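Input: a single structure, listed below in C-alpha coordinates.
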Amino acid sequence: MEKHIVVIGGNAAGLSAASRARRGNKNIKISVFEKTENISIGACGLPYFLGNMINEKEDLVAINAETLKKKRNIDVYTGCKVTAINRDNKTITVSSCNGKEDIRYDSLVIATGASPIIPEFADVNTEGIYTLRNLEDGTAIKNYIRKNNVKKAAIIGGGLIGLEVAEQLSINDIEVTVFELSPKILGFINDNYVQMLLEHIEANGIKVLTNNGIQDILVEDGRVTGLVTTKEEKIDIDLIVFSIGVKPNSRIAEDAGLEIGYKGGIVVDDYMRTSDKSIYSAGDCVQMKNIITNTFTYVPLGTTANKQGKLVGANIVGENQKFRGILSSQVTKVFDFYIASTGLTIEQARNNGYNPVSISITKNDKASYYVGGKENHIYLVFERTTGKILGAQAIGSESVAGRINVLVAAITANMTVNDLNELDLVYAPPVAPVYDPLLIAASQAIKKVNK
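Counting along the sequence shown from 1, when you hit position 411 you're at 411 in the UniProt record's numbering, and nothing is skipped either side.
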(Lines of atoms letter the chains of each structure in order from A; the text may use other names.)
(Lines give C-alpha, C1' and ligand atoms only; values in the text may rest on other atoms or scores of the structure.)
Protein backbone atom coordinates (compact mmCIF):
# COMPACT_ATOMS: atom_id res chain seq x y z
CA MET A 1 0.00 0.00 0.00
CA GLU A 2 1.20 3.50 -0.87
CA LYS A 3 2.68 5.34 2.11
CA HIS A 4 0.57 8.32 3.15
CA ILE A 5 1.70 11.52 4.89
CA VAL A 6 -1.20 13.47 6.37
CA VAL A 7 -0.77 17.08 7.48
CA ILE A 8 -3.26 18.89 9.73
CA GLY A 9 -2.94 22.60 8.97
CA GLY A 10 -2.35 24.42 5.70
CA ASN A 11 -0.13 27.32 6.64
CA ALA A 12 3.53 27.93 7.50
CA ALA A 13 4.56 24.76 9.34
CA GLY A 14 2.14 22.41 7.60
CA LEU A 15 2.92 23.43 4.03
CA SER A 16 6.66 23.64 4.73
CA ALA A 17 6.50 20.05 5.98
CA ALA A 18 4.47 18.86 3.00
CA SER A 19 6.67 20.64 0.45
CA ARG A 20 9.94 19.43 1.98
CA ALA A 21 8.66 15.85 2.18
CA ARG A 22 7.71 16.01 -1.49
CA ARG A 23 11.16 17.27 -2.38
CA GLY A 24 12.65 14.27 -0.60
CA ASN A 25 10.26 11.68 -2.05
CA LYS A 26 8.50 12.14 -5.39
CA ASN A 27 6.27 9.07 -5.03
CA ILE A 28 4.77 9.29 -1.55
CA LYS A 29 1.12 10.41 -1.15
CA ILE A 30 0.76 13.71 0.73
CA SER A 31 -2.55 15.18 1.91
CA VAL A 32 -3.09 18.49 3.72
CA PHE A 33 -6.30 19.31 5.59
CA GLU A 34 -7.09 22.95 6.41
CA LYS A 35 -10.19 23.97 8.36
CA THR A 36 -10.48 27.41 6.73
CA GLU A 37 -10.92 28.17 3.05
CA ASN A 38 -7.44 29.70 2.71
CA ILE A 39 -3.94 28.25 2.83
CA SER A 40 -0.41 29.62 2.87
CA ILE A 41 -1.36 32.99 4.34
CA GLY A 42 1.33 35.57 5.04
CA ALA A 43 -0.21 36.34 8.43
CA CYS A 44 2.57 38.75 9.40
CA GLY A 45 1.35 41.02 6.61
CA LEU A 46 -2.18 41.32 8.00
CA PRO A 47 -1.62 44.63 9.87
CA TYR A 48 -0.40 46.16 6.60
CA PHE A 49 -3.44 44.81 4.79
CA LEU A 50 -5.56 46.72 7.30
CA GLY A 51 -3.56 49.87 6.62
CA ASN A 52 -3.83 49.52 2.83
CA MET A 53 -0.11 49.01 2.38
CA ILE A 54 -1.27 45.72 0.83
CA ASN A 55 -4.35 46.35 -1.26
CA GLU A 56 -5.57 42.89 -2.24
CA LYS A 57 -6.00 40.00 0.16
CA GLU A 58 -4.82 37.66 -2.59
CA ASP A 59 -1.39 39.26 -2.30
CA LEU A 60 -1.06 37.61 1.13
CA VAL A 61 -1.53 34.13 -0.33
CA ALA A 62 1.86 32.62 -1.19
CA ILE A 63 0.48 29.59 -3.05
CA ASN A 64 -2.96 28.10 -3.64
CA ALA A 65 -4.25 24.53 -3.55
CA GLU A 66 -4.38 24.18 -7.32
CA THR A 67 -0.74 25.19 -7.72
CA LEU A 68 0.34 22.84 -4.95
CA LYS A 69 -1.35 19.96 -6.72
CA LYS A 70 -0.02 20.88 -10.15
CA LYS A 71 3.57 21.69 -9.23
CA ARG A 72 4.19 19.55 -6.13
CA ASN A 73 1.54 16.83 -6.35
CA ILE A 74 0.25 17.68 -2.88
CA ASP A 75 -3.47 17.23 -2.26
CA VAL A 76 -5.00 20.09 -0.25
CA TYR A 77 -8.49 19.96 1.22
CA THR A 78 -9.82 23.29 2.50
CA GLY A 79 -12.91 23.72 4.66
CA CYS A 80 -12.07 20.37 6.24
CA LYS A 81 -11.64 20.24 10.01
CA VAL A 82 -9.80 17.32 11.59
CA THR A 83 -11.76 16.46 14.72
CA ALA A 84 -9.96 13.40 16.07
CA ILE A 85 -6.83 11.29 15.85
CA ASN A 86 -7.05 7.52 16.36
CA ARG A 87 -3.50 6.44 17.10
CA ASP A 88 -4.33 2.73 17.35
CA ASN A 89 -5.80 2.62 13.86
CA LYS A 90 -3.52 5.40 12.55
CA THR A 91 -6.46 7.40 11.21
CA ILE A 92 -7.80 10.92 11.49
CA THR A 93 -11.46 11.91 11.40
CA VAL A 94 -12.23 14.75 9.01
CA SER A 95 -15.43 16.80 9.06
CA SER A 96 -16.52 18.84 6.06
CA CYS A 97 -19.68 19.85 4.24
CA ASN A 98 -19.73 16.31 2.86
CA GLY A 99 -19.90 14.74 6.32
CA LYS A 100 -17.30 12.78 8.29
CA GLU A 101 -14.58 10.56 6.92
CA ASP A 102 -11.72 8.55 8.42
CA ILE A 103 -8.38 8.94 6.64
CA ARG A 104 -5.48 6.53 7.13
CA TYR A 105 -1.96 7.85 7.70
CA ASP A 106 1.52 6.38 7.97
CA SER A 107 3.05 9.61 9.23
CA LEU A 108 1.01 12.46 10.67
CA VAL A 109 1.99 16.11 11.05
CA ILE A 110 0.08 18.28 13.53
CA ALA A 111 0.51 21.90 12.44
CA THR A 112 -2.64 23.36 13.94
CA GLY A 113 -1.13 26.71 14.91
CA ALA A 114 -2.48 28.87 17.71
CA SER A 115 -5.61 30.83 18.58
CA PRO A 116 -5.90 34.38 19.94
CA ILE A 117 -6.49 34.78 23.66
CA ILE A 118 -9.78 36.58 24.30
CA PRO A 119 -11.15 37.56 27.73
CA GLU A 120 -14.40 35.90 28.79
CA PHE A 121 -16.37 39.15 28.77
CA ALA A 122 -15.60 39.78 25.08
CA ASP A 123 -18.04 38.30 22.57
CA VAL A 124 -16.32 38.10 19.19
CA ASN A 125 -19.72 37.75 17.55
CA THR A 126 -20.43 41.36 18.49
CA GLU A 127 -19.87 43.76 15.61
CA GLY A 128 -16.70 45.73 16.17
CA ILE A 129 -14.83 43.17 18.32
CA TYR A 130 -12.04 41.37 16.49
CA THR A 131 -8.78 39.52 16.69
CA LEU A 132 -6.26 39.46 13.83
CA ARG A 133 -5.02 35.96 13.15
CA ASN A 134 -6.07 34.98 9.64
CA LEU A 135 -7.24 36.35 6.32
CA GLU A 136 -10.88 36.12 7.35
CA ASP A 137 -10.14 38.36 10.36
CA GLY A 138 -8.31 40.92 8.26
CA THR A 139 -11.07 41.06 5.68
CA ALA A 140 -13.76 41.39 8.35
CA ILE A 141 -11.96 44.26 10.11
CA LYS A 142 -11.30 46.09 6.87
CA ASN A 143 -14.93 45.75 5.79
CA TYR A 144 -16.18 46.89 9.20
CA ILE A 145 -13.99 50.00 9.12
CA ARG A 146 -15.22 50.93 5.67
CA LYS A 147 -18.92 50.27 6.26
CA ASN A 148 -19.11 51.94 9.67
CA ASN A 149 -16.82 54.91 9.13
CA VAL A 150 -14.75 53.97 12.18
CA LYS A 151 -13.20 56.99 13.92
CA LYS A 152 -11.93 55.56 17.22
CA ALA A 153 -10.19 52.23 17.76
CA ALA A 154 -8.83 50.46 20.82
CA ILE A 155 -5.95 48.01 20.54
CA ILE A 156 -5.84 45.72 23.55
CA GLY A 157 -2.24 44.66 24.04
CA GLY A 158 1.03 46.50 23.51
CA GLY A 159 3.07 43.76 21.89
CA LEU A 160 4.52 43.68 18.39
CA ILE A 161 1.29 42.93 16.53
CA GLY A 162 -0.74 45.34 18.63
CA LEU A 163 1.65 48.19 17.82
CA GLU A 164 1.74 47.30 14.13
CA VAL A 165 -2.07 47.36 13.97
CA ALA A 166 -2.15 50.63 15.92
CA GLU A 167 0.28 52.25 13.49
CA GLN A 168 -1.61 51.10 10.41
CA LEU A 169 -5.00 52.25 11.69
CA SER A 170 -3.52 55.57 12.78
CA ILE A 171 -2.03 56.41 9.39
CA ASN A 172 -5.51 55.85 7.98
CA ASP A 173 -6.95 58.67 10.10
CA ILE A 174 -8.38 56.56 12.92
CA GLU A 175 -7.87 57.78 16.48
CA VAL A 176 -6.10 54.91 18.22
CA THR A 177 -5.61 54.08 21.89
CA VAL A 178 -3.42 51.16 22.98
CA PHE A 179 -4.28 49.53 26.31
CA GLU A 180 -1.55 47.53 28.04
CA LEU A 181 -2.22 45.91 31.41
CA SER A 182 1.50 45.61 32.19
CA PRO A 183 3.66 48.56 33.29
CA LYS A 184 5.10 48.95 29.78
CA ILE A 185 4.61 47.98 26.16
CA LEU A 186 7.01 45.44 24.61
CA GLY A 187 7.88 43.77 27.88
CA PHE A 188 10.99 42.10 26.41
CA ILE A 189 12.67 45.45 25.61
CA ASN A 190 14.67 47.47 28.14
CA ASP A 191 12.97 50.44 29.76
CA ASN A 192 15.03 53.16 28.07
CA TYR A 193 14.33 51.90 24.56
CA VAL A 194 10.65 51.43 25.36
CA GLN A 195 10.51 55.05 26.51
CA MET A 196 12.09 56.21 23.23
CA LEU A 197 9.55 54.21 21.26
CA LEU A 198 6.67 55.37 23.43
CA GLU A 199 7.52 59.03 22.87
CA HIS A 200 7.77 58.39 19.14
CA ILE A 201 4.41 56.61 19.04
CA GLU A 202 2.65 59.33 21.01
CA ALA A 203 4.25 62.03 18.85
CA ASN A 204 2.55 60.34 15.92
CA GLY A 205 -0.86 60.63 17.52
CA ILE A 206 -1.39 57.26 19.21
CA LYS A 207 -2.39 57.27 22.87
CA VAL A 208 -0.82 54.54 25.00
CA LEU A 209 -2.26 53.62 28.40
CA THR A 210 -0.09 51.27 30.45
CA ASN A 211 -1.09 49.64 33.74
CA ASN A 212 -4.53 49.83 32.21
CA GLY A 213 -6.58 47.07 30.64
CA ILE A 214 -10.27 46.73 29.94
CA GLN A 215 -12.86 44.97 32.09
CA ASP A 216 -16.05 45.43 30.09
CA ILE A 217 -17.28 46.30 26.61
CA LEU A 218 -20.26 48.56 25.97
CA VAL A 219 -22.63 47.36 23.25
CA GLU A 220 -25.75 48.84 21.67
CA ASP A 221 -27.85 47.05 19.04
CA GLY A 222 -25.20 44.36 18.69
CA ARG A 223 -22.37 46.81 17.99
CA VAL A 224 -19.49 48.13 20.08
CA THR A 225 -19.93 51.65 21.40
CA GLY A 226 -17.30 51.83 24.11
CA LEU A 227 -15.35 50.11 26.84
CA VAL A 228 -14.69 50.28 30.57
CA THR A 229 -11.06 50.26 31.67
CA THR A 230 -9.66 48.51 34.72
CA LYS A 231 -9.51 52.00 36.23
CA GLU A 232 -13.30 52.29 35.85
CA GLU A 233 -13.09 54.86 33.06
CA LYS A 234 -15.66 54.72 30.24
CA ILE A 235 -14.30 55.47 26.76
CA ASP A 236 -16.23 55.76 23.50
CA ILE A 237 -14.86 53.33 20.91
CA ASP A 238 -16.01 52.16 17.46
CA LEU A 239 -13.62 49.23 17.06
CA ILE A 240 -11.74 46.89 19.41
CA VAL A 241 -8.90 44.62 18.28
CA PHE A 242 -7.56 42.15 20.84
CA SER A 243 -3.84 41.43 20.62
CA ILE A 244 -2.99 39.95 24.01
CA GLY A 245 -1.25 36.82 22.83
CA VAL A 246 -2.11 33.37 21.53
CA LYS A 247 -2.45 29.85 22.89
CA PRO A 248 -1.43 26.62 21.14
CA ASN A 249 -4.12 24.67 19.30
CA SER A 250 -3.11 21.46 21.03
CA ARG A 251 -6.49 20.07 22.10
CA ILE A 252 -6.63 17.49 19.31
CA ALA A 253 -3.19 16.22 20.34
CA GLU A 254 -4.16 16.14 24.01
CA ASP A 255 -7.38 14.26 23.24
CA ALA A 256 -5.28 11.70 21.36
CA GLY A 257 -3.13 11.15 24.45
CA LEU A 258 -0.02 12.95 23.22
CA GLU A 259 2.17 14.65 25.80
CA ILE A 260 1.46 18.35 26.37
CA GLY A 261 4.04 20.68 27.89
CA TYR A 262 4.89 24.31 28.52
CA LYS A 263 2.02 26.79 28.03
CA GLY A 264 -0.07 23.99 26.53
CA GLY A 265 2.32 23.36 23.65
CA ILE A 266 2.74 19.88 22.22
CA VAL A 267 5.91 18.17 23.47
CA VAL A 268 8.33 17.26 20.68
CA ASP A 269 11.89 15.93 20.67
CA ASP A 270 14.83 17.40 18.76
CA TYR A 271 13.53 15.74 15.59
CA MET A 272 10.07 17.30 16.07
CA ARG A 273 8.51 13.93 16.93
CA THR A 274 5.73 13.84 19.50
CA SER A 275 5.40 11.17 22.19
CA ASP A 276 4.06 8.98 19.35
CA LYS A 277 6.98 8.56 16.96
CA SER A 278 4.74 8.30 13.89
CA ILE A 279 3.29 11.73 14.69
CA TYR A 280 5.27 14.94 14.22
CA SER A 281 4.31 18.47 15.19
CA ALA A 282 5.61 21.92 14.30
CA GLY A 283 4.82 25.61 14.48
CA ASP A 284 2.74 27.61 16.91
CA CYS A 285 1.15 24.51 18.48
CA VAL A 286 4.40 23.17 20.01
CA GLN A 287 6.56 24.15 22.95
CA MET A 288 10.03 25.37 21.99
CA LYS A 289 13.49 25.16 23.49
CA ASN A 290 15.68 28.18 24.16
CA ILE A 291 19.14 27.70 22.66
CA ILE A 292 20.92 29.54 25.48
CA THR A 293 19.22 28.12 28.57
CA ASN A 294 18.12 24.76 27.14
CA THR A 295 14.77 25.34 28.87
CA PHE A 296 11.31 25.24 27.35
CA THR A 297 9.56 28.38 26.19
CA TYR A 298 6.70 29.45 23.94
CA VAL A 299 7.40 32.21 21.43
CA PRO A 300 5.30 31.55 18.31
CA LEU A 301 6.93 33.15 15.26
CA GLY A 302 6.52 32.59 11.54
CA THR A 303 10.23 32.03 11.05
CA THR A 304 10.23 29.23 13.60
CA ALA A 305 7.12 27.60 12.14
CA ASN A 306 8.62 27.48 8.65
CA LYS A 307 11.96 26.10 9.85
CA GLN A 308 10.34 23.45 12.02
CA GLY A 309 7.97 22.42 9.24
CA LYS A 310 10.81 22.08 6.77
CA LEU A 311 12.72 19.91 9.23
CA VAL A 312 9.66 17.70 9.84
CA GLY A 313 9.27 17.11 6.11
CA ALA A 314 12.92 16.13 5.80
CA ASN A 315 12.77 13.72 8.73
CA ILE A 316 9.57 12.01 7.57
CA VAL A 317 11.29 10.96 4.35
CA GLY A 318 14.28 9.51 6.16
CA GLU A 319 16.66 12.34 6.91
CA ASN A 320 17.93 12.84 10.43
CA GLN A 321 17.89 16.55 11.18
CA LYS A 322 17.70 18.17 14.61
CA PHE A 323 16.00 21.44 15.49
CA ARG A 324 18.44 23.29 17.70
CA GLY A 325 15.96 25.71 19.27
CA ILE A 326 15.15 29.41 19.22
CA LEU A 327 16.50 32.73 20.43
CA SER A 328 13.14 34.54 20.14
CA SER A 329 14.62 36.87 17.51
CA GLN A 330 12.10 39.58 16.62
CA VAL A 331 11.87 42.86 14.75
CA THR A 332 9.19 45.38 13.92
CA LYS A 333 8.73 48.88 12.56
CA VAL A 334 6.53 51.50 14.19
CA PHE A 335 6.40 54.73 12.20
CA ASP A 336 10.06 55.75 11.74
CA PHE A 337 11.53 53.49 14.40
CA TYR A 338 12.73 49.94 13.92
CA ILE A 339 13.15 47.83 17.03
CA ALA A 340 14.71 44.38 17.20
CA SER A 341 15.83 41.89 19.81
CA THR A 342 17.30 38.44 20.28
CA GLY A 343 18.30 36.20 23.16
CA LEU A 344 17.74 36.88 26.84
CA THR A 345 16.78 40.04 28.66
CA ILE A 346 18.92 40.85 31.68
CA GLU A 347 16.11 39.65 33.95
CA GLN A 348 15.81 36.35 32.08
CA ALA A 349 19.57 35.87 32.22
CA ARG A 350 19.59 36.47 35.97
CA ASN A 351 16.65 34.10 36.50
CA ASN A 352 18.52 31.38 34.61
CA GLY A 353 21.55 31.50 36.86
CA TYR A 354 23.82 33.84 34.94
CA ASN A 355 25.65 36.81 36.42
CA PRO A 356 24.70 39.26 33.67
CA VAL A 357 25.63 42.82 32.97
CA SER A 358 24.48 45.15 30.20
CA ILE A 359 25.65 48.16 28.22
CA SER A 360 23.97 50.52 25.79
CA ILE A 361 25.59 52.68 23.14
CA THR A 362 24.41 55.17 20.53
CA LYS A 363 26.13 55.51 17.16
CA ASN A 364 25.21 56.70 13.67
CA ASP A 365 24.49 53.94 11.16
CA LYS A 366 26.63 55.67 8.50
CA ALA A 367 29.84 57.68 8.49
CA SER A 368 29.33 60.87 10.48
CA TYR A 369 30.00 63.07 7.45
CA TYR A 370 27.64 61.15 5.15
CA VAL A 371 24.18 62.63 4.55
CA GLY A 372 21.21 60.71 5.89
CA GLY A 373 22.79 58.88 8.79
CA LYS A 374 20.52 57.94 11.68
CA GLU A 375 21.18 56.92 15.24
CA ASN A 376 21.34 53.25 16.17
CA HIS A 377 21.01 52.36 19.83
CA ILE A 378 22.55 48.97 20.68
CA TYR A 379 22.02 47.17 23.99
CA LEU A 380 24.01 44.06 24.92
CA VAL A 381 23.45 41.56 27.72
CA PHE A 382 26.47 39.40 28.54
CA GLU A 383 28.01 37.25 31.27
CA ARG A 384 30.12 39.32 33.63
CA THR A 385 32.85 36.74 34.17
CA THR A 386 33.24 35.35 30.65
CA GLY A 387 31.84 38.05 28.39
CA LYS A 388 29.59 35.50 26.69
CA ILE A 389 26.85 37.32 24.77
CA LEU A 390 23.39 36.39 26.07
CA GLY A 391 21.05 38.88 24.45
CA ALA A 392 20.77 42.05 22.43
CA GLN A 393 18.30 44.78 21.56
CA ALA A 394 18.44 47.65 19.12
CA ILE A 395 16.31 50.61 18.15
CA GLY A 396 16.77 53.16 15.40
CA SER A 397 16.98 52.96 11.62
CA GLU A 398 16.22 50.02 9.36
CA SER A 399 19.81 48.84 9.72
CA VAL A 400 19.21 47.65 13.30
CA ALA A 401 17.67 44.47 11.85
CA GLY A 402 20.93 43.51 10.15
CA ARG A 403 22.95 44.26 13.24
CA ILE A 404 20.69 42.14 15.42
CA ASN A 405 21.07 39.33 12.88
CA VAL A 406 24.84 39.53 13.37
CA LEU A 407 24.23 39.15 17.10
CA VAL A 408 21.92 36.19 16.48
CA ALA A 409 24.86 34.47 14.80
CA ALA A 410 27.19 35.53 17.60
CA ILE A 411 24.95 34.12 20.33
CA THR A 412 24.34 30.90 18.39
CA ALA A 413 28.11 30.47 18.05
CA ASN A 414 28.67 31.10 21.80
CA MET A 415 30.75 34.17 21.05
CA THR A 416 32.00 36.59 23.68
CA VAL A 417 32.14 40.36 23.50
CA ASN A 418 35.87 39.98 22.76
CA ASP A 419 35.02 37.79 19.76
CA LEU A 420 32.47 40.35 18.60
CA ASN A 421 35.03 43.13 18.89
CA GLU A 422 37.35 41.25 16.51
CA LEU A 423 34.81 40.70 13.71
CA ASP A 424 35.86 41.98 10.30
CA LEU A 425 32.69 43.93 9.54
CA VAL A 426 32.10 45.85 6.31
CA TYR A 427 32.65 49.57 5.99
CA ALA A 428 31.69 52.20 3.43
CA PRO A 429 30.44 55.70 4.29
CA PRO A 430 26.92 55.17 2.85
CA VAL A 431 26.58 51.85 4.69
CA ALA A 432 28.35 52.03 8.05
CA PRO A 433 30.93 54.02 10.01
CA VAL A 434 34.47 52.70 10.15
CA TYR A 435 33.74 51.59 13.71
CA ASP A 436 30.40 49.86 13.36
CA PRO A 437 27.90 50.34 16.21
CA LEU A 438 28.41 46.65 17.05
CA LEU A 439 32.15 47.18 17.49
CA ILE A 440 31.54 50.22 19.69
CA ALA A 441 29.13 48.16 21.78
CA ALA A 442 31.63 45.32 22.06
CA SER A 443 34.48 47.61 23.11
CA GLN A 444 32.31 49.16 25.82
CA ALA A 445 31.18 45.74 27.00
CA ILE A 446 34.76 44.50 27.32
CA LYS A 447 35.35 47.18 29.96
CA LYS A 448 32.73 45.52 32.18
CA VAL A 449 33.96 41.95 31.91
CA ASN A 450 35.36 40.74 35.25
CA LYS A 451 34.54 44.10 36.81
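Yeah, the Cβ is synthetic: ideal placement off N, Cα and C, and Gly gets one too.
Just so you know, these numbers come straight off a predicted model, no measurement behind them.
Counted within 10 angstroms of its Cβ, other Cβ atoms place residue i as buried (16 or more) or exposed
i: residue 43; result: buried
i: residue 404; result: buried
i: residue 102; result: exposed
i: residue 285; result: buried
i: residue 22; result: buried
i: residue 80; result: buried
i: residue 83; result: exposed
i: residue 6; result: buried
i: residue 179; result: buried
i: residue 315; result: buried
i: residue 104; result: exposed
i: residue 435; result: exposed
i: residue 250; result: buried
i: residue 363; result: buried
i: residue 133; result: buried
For residue i, the nearest candidate out of the options (CA to CA)
i: residue 276; options: 136, 29, 284, 266; result: 266
i: residue 360; options: 350, 372, 349, 382; result: 382
i: residue 341; options: 193, 24, 117; result: 193
i: residue 365; options: 323, 433, 343; result: 433
i: residue 223; options: 58, 130, 289; result: 130
i: residue 450; options: 409, 384, 250; result: 384
i: residue 197; options: 158, 139, 410; result: 158
i: residue 64; options: 349, 46, 27, 10; result: 10
i: residue 203; options: 235, 170, 187; result: 170
i: residue 400; options: 52, 386, 378, 391; result: 378
i: residue 242; options: 214, 230, 258, 228; result: 214
i: residue 406; options: 429, 441, 19, 257; result: 441
i: residue 444; options: 20, 190, 421, 374; result: 421
i: residue 257; options: 297, 33, 328, 85; result: 85
i: residue 332; options: 93, 425, 161, 300; result: 161
i: residue 4; options: 139, 296, 446, 107; result: 107
i: residue 323; options: 292, 271, 294, 334; result: 271
i: residue 19; options: 34, 182, 75, 439; result: 75
i: residue 35; options: 66, 68, 96, 88; result: 96
i: residue 227; options: 237, 27, 25; result: 237
i: residue 398; options: 408, 418, 372; result: 372
i: residue 155; options: 207, 190, 147; result: 207
Simplified DSSP state of residue i, which is helix, strand or coil
i: residue 382; result: strand
i: residue 458; result: As shown, the chain starts at 1 and ends at 451. That puts residue 458 outside it, with no answer to give.
i: residue 19; result: helix
i: residue 388; result: strand
i: residue 343; result: strand
i: residue 121; result: coil
i: residue 421; result: helix
i: residue 106; result: coil
i: residue 247; result: strand
i: residue 354; result: coil
i: residue 254; result: helix
i: residue 461; result: The question about residue 461 has no answer, for the chain in this structure spans 1 to 451.
i: residue 241; result: strand
i: residue 188; result: coil
i: residue 407; result: helix
i: residue 236; result: strand
i: residue 434; result: coil
i: residue 393; result: strand
i: residue 32; result: strand
Neighbourhood of residue i by C-beta, 6 Å cutoff - its chain only, sequence neighbours within 5 removed
i: residue 15; result: 40
i: residue 123; result: none
i: residue 349; result: 356, 381, 390
i: residue 367; result: 429, 433
i: residue 329; result: 342, 408
Cβ pair residue i, residue j closer than 7 Å
i: residue 109; j: residue 246; result: no
i: residue 273; j: residue 280; result: yes
i: residue 49; j: residue 200; result: no
i: residue 309; j: residue 13; result: yes
i: residue 112; j: residue 8; result: yes
i: residue 47; j: residue 168; result: yes
i: residue 370; j: residue 430; result: yes
i: residue 375; j: residue 402; result: no
i: residue 166; j: residue 239; result: no
i: residue 38; j: residue 317; result: no
Close beta carbons around residue i, own chain, < 7 Å, minus the five adjacent residues each side
i: residue 388; result: 382, 414, 416
i: residue 346; result: 356, 358, 381
i: residue 268; result: 274, 281, 286
i: residue 254; result: 260
i: residue 73; result: 22
i: residue 114; result: 246, 247, 248, 249, 284, 285, 300
Any non-hydrogen atom of the ligand NAP within 6 Å of residue i CB
i: residue 317; result: Annotation note on the ligand NAP: not contained in the displayed structure, which lists no ligands.
Beta-carbon proximity list for residue i, same chain, < 8 Å, skipping 5 on both sides
i: residue 100; result: 83, 93, 94
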